[in-house]
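The block underneath contains the structure these notes are about, expressed in structure tokens.
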Amino acid sequence: MPINPKQNGLATLWLVIIGFVLIAGSGYWYYVDYKRSDAGRKNYGSKIECEIKTFKLCMPILCGYKCPADFKIIWLPVGLPLPATPSVPYVENEEWMRQQEAKRLEAEIATWKTYRNEEYGFEFKYPSDWMINNNSSTYIILGNYSNDQISVEARKLQTGQNLETETKYIGLSKTQKILVDNSTALRGQSIGGEGDDSFTDLVFVEHSGTLFVVSGGDVKNTQSILNNMLSTFKFLK
4 MPINPKQNGL
14 ATLWLVIIGF
24 VLIAGSGYWY
34 YVDYKRSDAG
44 RKNYGSKIEC
54 EIKTFKLCMP
64 ILCGYKCPAD
74 FKIIWLPVGL
84 PLPATPSVPY
94 VENEEWMRQQ
104 EAKRLEAEIA
114 TWKTYRNEEY
124 GFEFKYPSDW
134 MINNNSSTYI
144 ILGNYSNDQI
154 SVEARKLQTG
164 QNLETETKYI
174 GLSKTQKILV
184 DNSTALRGQS
194 IGGEGDDSFT
204 DLVFVEHSGT
214 LFVVSGGDVK
224 NTQSILNNML
234 STFKFLK
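Residue numbers 4 to 240, in my numbering, belong to the letters of the sequence shown in order.
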């Protein structure tokens, strides 16, 4: 039996109407669920933090929180695994994250090499793929093939010299007192010269009459390595 052209056109029209309704409904749901007011939303500093605390993949529809602007639509979680039980309180999740990061850091540093200086009595670990220039016992330079560098300088303090006198006129910003192997240290940043907007991470440590100056190079490239090196810094005297 031949198909009536009018019936065929009517069926096509109904398909178009149904498709339009489905698309409109999906768009409305997306708008209500995802584009709702920011009230009650939270900003998180990283993808992992957002996903662990919301127990959702941070994709436009699934993540019910306002995540950082650099989230990618089809980004999948990497690095730390998500907790198995969403009922774990956020505070415990944060502790879990710290524990996992500590384990990861410990495993990473376990593969590092050790530099030991008998004359000035100190040692530290550095990445196994970094090279070291230790022709001088007072000035050690470490670097990689990307031209990232970290240097360690050791110099004896004279009478009247101490951590405060040696750092007073350097002009550091973002200064903070820290401990390096239980010795008092001052950490801060210094800006590059004219036309150079990079910041250098500097750490000054006073121990047994010696001032140790650790320079981390450009903060953007070496801060993580420097932090890990400082955690392994040991004084032998």
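Quick reminder that beta carbons are idealized off the backbone N, C-alpha and C, glycines included.
Residue environment analysis places leucine 182 among the exposed positions, since fewer than 16 neighbouring C-beta atoms fall within 10 angstroms of its C-beta. A residue is called buried when at least 16 other Cβ atoms come within 10 angstroms of its Cβ; arginine 107 does not meet this threshold and is exposed. For asparagine 150, the closest C-alpha among the options Asp221, Leu214, Gln103 is that of Asp221. Between threonine 213 and the set Gly174, Arg158, Asn224, Leu189, the nearest pair of CA atoms involves Arg158. Taking the Cβ atoms as the reference, asparagine 147 lies roughly 6 Å from aspartate 132, within the contact range of under 8 Å. Taking 8 Å as the cut-off, the Cβ atoms of threonine 178 and leucine 189 count as close. Here lysine 177 carries a strand assignment [DSSP, helix/strand/coil]. Isoleucine 173 counts as exposed, since fewer than 16 other beta carbons sit within 10 angstroms of its beta carbon. Residue pairing for serine 186: DSSP places it in a beta bridge opposite Val183.
Looking at the backbone, the Cα of isoleucine 153 and that of isoleucine 194 are separated by about 16 Å. Non-local beta-carbon contacts of methionine 134 in its own chain, meaning distances under 8 Å to residues more than five positions away in sequence, involve Leu145, Gly146, Asn147 in chain order. When DSSP assignments are scanned along the segment 102-158, no uninterrupted stretch of alpha helix (DSSP H) that is 4 or more residues long falls wholly within it. Secondary structure at threonine 162: coil, using DSSP grouped into helix, strand and coil. Only residues of its own chain outside the window of five on either side were considered, and among them Ser140 have a CB closer than 6 Å to the CB of glutamate 122, listed in chain order. Per DSSP, reduced to three states, the secondary structure at lysine 237 is strand.
In this structure leucine 205 is in contact with glutamine 192, their Cβ atoms being roughly 7 Å apart against a cut-off of 8 Å. The three-state secondary structure of serine 218, taken from DSSP, is strand. Contact annotation: glycine 124 and phenylalanine 238 have beta-carbon atoms nearer than 8 Å.
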